[in-house]
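S.K.: My questions all concern the structure below.
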Ligand code: GLN
């Protein structure tokens, strides 16, 4: 049995790490840079990087509209960090011309963790993941300031300066984390996404 085909938006950012994590989790992972590639995937990962740069490139490469349409039709998606920003309904502290897909009903604020905790790591209990807490790496992460009624909070930071902050969410077939599981070798979250995509195929 072969796994589902999952694309990684490959305009900028942590593309290779997600491709590797998805392959390790049982998917056929492919980079996505053009509309024909958007049409061919069963699910899409939006990586970390710089959301305003990715926004510019999405428009320049005529990828914004094809991806927005597939997401609106129910394409499963997972966004980490800048990818979470791109999936969000509303983005604060961004550039006025930056676009996002409105695929999950959350409001995020960019670079909002403040200077002392610009980058940090934390152990997280993530709903749906069995075993040990997940080591989460945060790098100039977005803060989730609002979640809609249909959005399930999967993880919050337990302690330290960022205690209580929402850092993983899911709404139907869309997952988003403000941290980077692709950087730690823990494949549980990618496996959960691959399973979600496989179930919908
Ligand atoms: N601060 C970045 C942005 O706003 C996100 C950082 C990341 O993806 N690690 O796009």
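In my numbering, the protein residues as written are 21 to 221. Glycine residues also receive a C-beta, built at the ideal position from the N, C-alpha and C atoms. Just so we're clear, the structure is a prediction, and the values are computed from it rather than from any experiment.
Less than 6 Å separating the Cβ of residue 159 from some heavy atom of the ligand GLN?
M.R.: Sequence index remark: in the chain shown, residue 159 carries index 139 (1-based). Checking the Cβ of residue 159 against the ligand GLN gives yes.
S.K.: Using only the heavy atoms of the ligand GLN, determine whether one of them is closer than 6 Å to the beta carbon of residue 218.
M.R.: As a position in the chain shown, residue 218 is number 198, starting the count at 1. The answer is no for residue 218.
S.K.: What's the gap between the Cα of residue 47 and the Cα of residue 214?
M.R.: Residue mapping note: residue 47 aligns to position 27 of the chain shown, counting from 1. Residue mapping note: residue 214 aligns to position 194 of the chain shown, counting from 1. Their backbone Cα atoms lie some 6 Å apart in a straight line.
S.K.: Spell out the partners DSSP gives residue 167 in its beta bridges.
M.R.: As a working note, residue 167 is residue 147 in the chain shown. Answer by DSSP bridge pairing, in chain order: 126.
S.K.: Quick test of your reading: residue 112 and residue 148, contact by CB under 8 Å. State the CB separation rounded to the nearest angstrom.
M.R.: In the chain shown, counting from the first residue as 1, residue 112 sits at position 92. In the chain shown, counting from the first residue as 1, residue 148 sits at position 128. About 28 Å; that fails the 8 Å criterion.
S.K.: Anyone know if the C-beta pair for residue 67 and residue 193 falls short of 7 Å?
M.R.: Taking the chain shown and counting its residues from 1, one reaches residue 67 at position 47. Taking the chain shown and counting its residues from 1, one reaches residue 193 at position 173. Cβ distance not < 7 Å, so residue 67 and residue 193 don't count as in contact.
S.K.: Per DSSP, what are the beta-bridge partners of residue 143 in this structure?
M.R.: Reading the chain shown from its first residue, position 123 is the one you call residue 143. For residue 143, the beta-bridge partners assigned by DSSP are 155.
S.K.: What does the alpha-carbon distance come out to for the pair residue 30 and residue 83?
M.R.: Position 10 of the chain shown holds residue 30. Position 63 of the chain shown holds residue 83. Rounded to the nearest angstrom, the two C-alpha atoms are 11 Å apart.
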